[in-house]
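Novice: The structure that follows is given in the form of structure tokens.
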Amino acid sequence: MNNVNLLRGPYTALASATSANGTARNGATMQPGLFAPGSMSVLCTATIVTGSVVATFKIQVSDDNTTFYDLKPMNNAASVTVTATGSVVLAVDSAAHSWRYMRVVATLSGAATAAGDLTECTYRMLDVKATRF
292 MNNVNLLRGP YTALASATSA NGTARNGATM QPGLFAPGSM SVLCTATIVT GSVVATFKIQ
352 VSDDNTTFYD LKPMNNAASV TVTATGSVVL AVDSAAHSWR YMRVVATLSG AATAAGDLTE
412 CTYRMLDVKA TRF
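Using the numbering used here, the first residue of the sequence shown is number 292, and each one after it goes up by one.
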């Protein structure tokens with residue numbers, strides 16, 4: 292079996308957009324049961340044109356797709372901050388599989404944001420079939 296053929300995505304989690312200072316943008320909801328445990332990652336990209344603006348990205352989980360909780364991975368970091376234009380890949384902890392839903396959240400903060408201050412995220416994962424023999 293060739294795992295390359297089992298790659299799913301990328302799927303848009305958050306389309307490129309700006310947001311008001313401190314306003315969280317919630318990404319598209321995913322169901323962890325649809326991908327192999329430990330195989331999901333989220334590519335998060337920030338374009339920062341305002342000097343003191345930073346982008347923060349985090350993963351959240353939920354059982355009812357209404358109330359979400361921050362997923363705090365083993366390294367104990369609840370979120371990742373990008374302080375300039377750049378990208379970061381978040382690994383979705385396998386603990387997400389004990390929940391029915393998950394999403395990525397992006398927040399711009401620090402100063403009044405401009406139209407050019409953008410965040411964007413995409414999901415990538417291996418199909419759950421990749422774990423079957």
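Where a beta carbon is used, it is the ideal one built from N, C-alpha and C, also for glycine.
1. Which same chain residues, not among the five before or five after V371, have their C-beta less than 8 Å away from its C-beta?
2. Our contact map puts V345 next to G407 with C-beta atoms below 8 Å; I'd like the distance itself, whole angstroms only.
3. Is S385 helix, strand or coil when you go by DSSP?
4. Let me know the beta strand (DSSP E) ranges lying completely inside the region 298 to 322, each 3 residues or longer, listed in chain order.
5. Taking the C-alpha atoms as reference points, what is the distance between Y414 and A337?
6. Beta strand (DSSP E) containing A397: first to last residue?
7. Once DSSP output is grouped into helix, strand and coil, what is the label at L362?
8. Which residues in the same chain as T314 place their Cβ atom closer than 8 Å to its Cβ, once the five residues preceding and following it in sequence are excluded?
Specialist: From the atom records:
1. Position 80 of the sequence shown, counting from 1, holds the residue named residue 371. If we look at V371 and ignore the five residues flanking it on each side, its Cβ neighbours are C335, T347, F348, K349, V379 and L381.
2. The residue you call residue 345 lines up with position 54 of the sequence shown. The residue you call residue 407 lines up with position 116 of the sequence shown. So it is not a contact: roughly 15 Å between Cβ atoms.
3. Here residue 385 is taken as the residue at index 94 of the sequence shown, counted from 1. Helix at S385.
4. 298 to 308 and 315 to 317
5. On the sequence shown, position 123 is the one that residue 414 refers to. On the sequence shown, position 46 is the one that residue 337 refers to. Taking the straight line from one Cα to the other gives about 15 Å.
6. Here residue 397 refers to the residue found at position 106 of the sequence shown. That run of the beta strand (DSSP E) goes Y392 to S400.
7. The residue given as residue 362 occupies position 71 in the sequence shown. The answer is coil: DSSP assigns L362 none of H, G, I, E or B.
8. Translated into positions along the sequence shown, residue 314 becomes position 23. Excluding residues within five positions, the ones whose Cβ falls inside 8 Å are T398 and L399.
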